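Below: the structure, in structure tokens.
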Amino acid sequence: TQTTSAGIPHNANKKAEHGLANAKAPPEGQHVEPPSDLPTASSLSEGNVSPKTGPAVAAGVNRTVEPLDRVRVNSDGERLTTNQGVPVADNQNSLKAGLRGPALLKDFILREKITHFDHERIPERIVHARGSGAHGYFEAYESLADITRAAPFQEKGKITPVFVRFSTVAGERGSKDTARDVRGFAVKFYTDEGNWDLVGNNIPVFFIQDAMKFPDLIHSVKPEPHHAMPQAASAHDTFWDFASLMPEIAHMLMWVMSDRAIPRSYRTMQGFGVHTFRFVNAAGESCFVKFHWNPKLGTHSLVWDEAVKIAGADPDYNRRDLWEAIEAGEYPEWELCVQTFTEADADRWSFDVLDATKLVPEELVPLRPVGRMVLNRNPDNFFAETEQVAFCAAHVVPGIDFTNDPLLAGRIHSYVDTQISRLGGPNFHEIPINAPVAPVHNNQRDGMHRQAINRGRVAYEPNSLGGGCPFQAGKAGFVSFPEPVQQDEVRGKPEKFAEHYNQATLFYDSQTPAEQNHIIAAFRFELSKVTVPAIRERMLSMLRNVSEALAQGVAEGLGMRLPEPMPRALDNPPQPEVATSPALSLMFRPGEGGIRTRKIAILVANGIAGAPIADLQATLLAQGAIPRLMAARIGPVETSDGTPLEADVSTENEPGVLFDALVLPDGDAVVQALAADGHTDEHIRDQYRHGKTLLALGASVRLLEQAGVPKDGSDPGVIVLEAGVSDWSRFIEAVGKHRHFERETDPPLV
Ligand code: HDE
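In terms of my numbering, the sequence shown is residues 555 to 1304.
Here it is in structure tokens:
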């Protein structure tokens, strides 16, 4: 750990400027010293409640609700007005000279309406354009005051409001949710000491090491500039051309070709701060820190064939899932964990902690859980909140600081810069969703769309006319960690940045066989879309440095021979500390089990015995699952026993890929009707192919046969129950496992 020069007063040289005798010193008040009783982060929070955010609030209500109240508009029972508040008499007809005459220029009501409409769109984010947001809170498990003075961590139980935005990276605003892509995981903490944005991803490493390459990376993955294709996909020449020429990308490619890049839900993915940051405590001592968000529901993903089909069935798949879970009161939750380590630890390791293409294996530095985040309120308005929210890697608060990661340096610049054109000027911090809950006082003034009405004649410092206010907070304010730097200015990279493959190998070797197969299949798919053979060849030569088995698998899939391995920058690469890290597998965090919020389709048709279906439905509901009765058409179902059943989804409006499990009903006539509907077969095949659970009751076993699904009892995810049996426990247990990859073959059997 290092120590700040905490004793140095702020504005240390200022007084000397006025001469020894202070002859020209300004009157008292010009440079007021901060009062000695200036509030600190911990004194600001009384119990768990920040004075800025008001008294304790009812469960389910966030502290960001009240500050936003002043701008929330509820039009219930209100009359229609113009933007000037003028009541509008007729909202159907423009003003004309005679019923068949020309529209009149003086129709200010029409003109205002059309003009506003004409300007409704703002530029979309250059990356992460497609996103979904939610409000919630962070709750600290314990005080971390010994290692950081950051406000959210000062007390056990302290609550800090948050707004979170999840996103895909490459696709445009209206693109599909299930693209193979990194997911953004951006959290805005509205702390007592200003906003802290932890703008992370669902993958702990990145494609490149230096911000200098970011525009190149993004240009390569975005739709190709001449014909603007493909949308939201990396499977095209330019991305792989760039990738094959940038060996530092090897580790990240393992992650984005894995199922991590197609999460089942935002609620089932991890989040990572990616860069190494610093914690700094009140004494000015610092340690390094990496941030991890672990979902309570465990980590679960889609499989590729499923992701492709969902893209057509419901392009809003992840957005809808998040929205519906929160509406249903199934508040998603993540545990925030930190890895903390010292500069001396970092110096010993084979990799550089300033290199964003490297992670710190959990086996090397275990995770320490420090709090939980719960998302418990959907935004009122997508545009006002989710679209206008402006995250920024430079938004840190006292107690959090940067490191010299050269990727991070570029981010510190980029985010504010991009908001200025995206949100139309330098006052985007005043947009309600961006405004800190902590008060803002400075001498910045004016600019497009200024909201604050700053009072008084003073907009400069030092001043005597304003009593020296707003005054500098001195040591109570943000003090940059004074990391000693004495170096030549160079363009280059540190030594350890030259090793690109150890952690790619670590990742691949730490996956289960099913996950490894998915990685091979993903490379095969992506590279099969590449039209230039030399690019494929370069990629294979890169993969040989990661894993011979992987390279071989991909080469076979492409009908190619293995080329020579790509030359390495280092002849003697350093030995990695760990050879496998189980924590890198999605299987490592299955979650708490159970079937809460899992979507289960129960196929029904006229003539069905309703009682067992109603019983199953009630059992699943009681366990928090979402059973839906699916028929060829929605509406009431005729049951043989008079039990009222209503099909709430049809095979047409919610195709089978949108469900986590499938139940096939008993009854000869019912099975016959289902067998005659091509959707049934399709649904069963998809469920089976995608590793999901199938339950066949009585006569419906025929439907499995028809679809070619093996039903010899060896697959725990294919459950056949004799007619009349209604013990659902095996089915529930199987759904709780999410996927049954043991059945997977390549190519698929079914
Ligand atoms: Fe970003 N990134 N980024 N990024 N990033 C943006 O900011 C940038 C990087 C991340 O939901 C932009 O407001 C550079 C890493 C998320 O609104 C832009 C570099 C990580 C979001 C930008 C990176 C991220 C963004 C576009 C390399 C994970 C969405 C719109 C030096 C730690 C935030 C905007 C939201 C968005 C720049 C690399 C995460 C252009 C220059 C690494 C989650 O400023």
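Virtual Cβ for every residue (Gly too), placed ideally from N, Cα, C.
Quick caveat, the model's predicted, so the values are computed rather than measured.
{"Query": "Is the beta carbon of residue 1062 within less than 6 Å of some heavy atom of ligand 1?", "Result": "no"}
{"Query": "Could you have a look at residue 621 and say whether DSSP puts it in helix, strand or coil?", "Result": "helix"}
{"Query": "Output the boundary residues of the beta strand (DSSP E) element that contains residue 849.", "Result": "840-849"}
{"Query": "Look up residue 750 in the DSSP assignment and give the residues it is bridged to.", "Result": "743"}
{"Query": "Just to check, is the beta-carbon of residue 755 closer than 6 Å to a non-hydrogen atom of ligand 1?", "Result": "yes"}
{"Query": "Can you give me the start and stop residues for the alpha helix (DSSP H) that residue 1232 sits inside?", "Result": "1232-1243"}
{"Query": "In angstroms with no decimal places, state the Cα-to-Cα distance between residue 1076 and residue 1067.", "Result": "14 Å"}
{"Query": "Is the beta carbon of residue 805 within less than 6 Å of some heavy atom of ligand 1?", "Result": "no"}
{"Query": "Ignore the nearest five residues each way along the sequence and tell me which others in residue 636's own chain have a CB closer than 7 Å to its CB.", "Result": "642, 663, 666"}
{"Query": "Check whether the Cβ of residue 1035 lies closer than 7 Å to any Cβ atom in chain C.", "Result": "No chain C is present in this structure, which holds just one protein chain."}
{"Query": "Closer than 8 Å by C-beta to residue 997: which residues in its own chain qualify, once you throw out the five before and the five after it? Chain order, please.", "Result": "1012, 1013, 1014, 1015, 1024"}
{"Query": "Taking the alpha carbon of residue 1097 as the point to measure from, which residue in 941, 1112, 1059, 703 has its own alpha carbon closest?", "Result": "1059"}
{"Query": "Straight-line CA distance for residue 583 to residue 1022?", "Result": "Summary for residue 583: the model assigns pLDDT 48, below 50, so the residue's position carries little reliability; its value from the coordinates is reported in the next sentence. Residue 583 and residue 1022: Cα-Cα distance of roughly 5 Å."}
{"Query": "To the nearest angstrom, report how far apart residue 744 and residue 813 are at their CA atoms.", "Result": "32 Å"}
{"Query": "I'd like the list of long-range same chain contacts for residue 1272, defined as Cβ closer than 6 Å, with 5 residues on each side in sequence excluded.", "Result": "1248, 1265"}
{"Query": "Comparing the CB of residue 729 with every heavy atom of ligand 1, is any distance shorter than 6 Å?", "Result": "no"}
{"Query": "Can you tell me where the alpha helix (DSSP H) with residue 773 in it begins and where it stops?", "Result": "768-775"}
{"Query": "With residue 1077 as the anchor, note down where its alpha helix (DSSP H) starts and where it stops.", "Result": "1067-1082"}
{"Query": "So residue 715 and residue 830 are supposed to be a Cβ contact under 8 Å. How far apart are they, rounded?", "Result": "Going by Cβ atoms, the distance from residue 715 to residue 830 rounds to 27 Å, so no, they are not a contact pair."}
{"Query": "Rounded to whole angstroms, how far is the Cβ of residue 1183 from the Cβ of residue 1206, which I believe are closer than 8 Å?", "Result": "That belief does not hold up - the Cβ atoms of residue 1183 and residue 1206 are roughly 14 Å apart, past 8 Å."}
{"Query": "By the three-class DSSP mapping on this structure, what secondary structure does residue 1308 have?", "Result": "The structure shown does not extend to residue 1308, since the chain spans only 555 to 1304, so no value can be given for it."}
{"Query": "Where does the unbroken beta strand (DSSP E) through residue 694 begin, and where does it stop?", "Result": "685-694"}
{"Query": "Between the Cα of residue 899 and those of 889, 1162, 914, 891, spot the shortest distance and give me the residue it belongs to.", "Result": "914"}
{"Query": "For residue 1179, which of 1151, 1203, 1194 has the nearest alpha-carbon?", "Result": "1151"}
{"Query": "Once you ignore the five residues that flank residue 1197 on each side, which residues in its own chain have a CB closer than 6 Å to its CB?", "Result": "1164, 1165, 1168"}
{"Query": "For residue 1051 versus residue 763, is the C-beta distance shorter than 7 Å?", "Result": "yes"}
{"Query": "Verify whether the separation of the beta carbon atoms of residue 931 and residue 686 is less than 7 Å.", "Result": "no"}
{"Query": "Just to confirm the assignment, what range does the alpha helix (DSSP H) spanning residue 972 have?", "Result": "960-976"}
{"Query": "Mind checking which residues open and close the beta strand (DSSP E) that includes residue 806?", "Result": "From DSSP, residue 806 is part of no beta strand (DSSP E) but of the alpha helix (DSSP H) over 804-810."}
{"Query": "What is the rounded straight-line gap between the Cα of residue 878 and the Cα of residue 616?", "Result": "18 Å"}
{"Query": "Go ahead and pull the three-state DSSP assignment for residue 1227.", "Result": "helix"}
{"Query": "On the DSSP bridge assignment, give the partners of residue 650 in chain order.", "Result": "657"}
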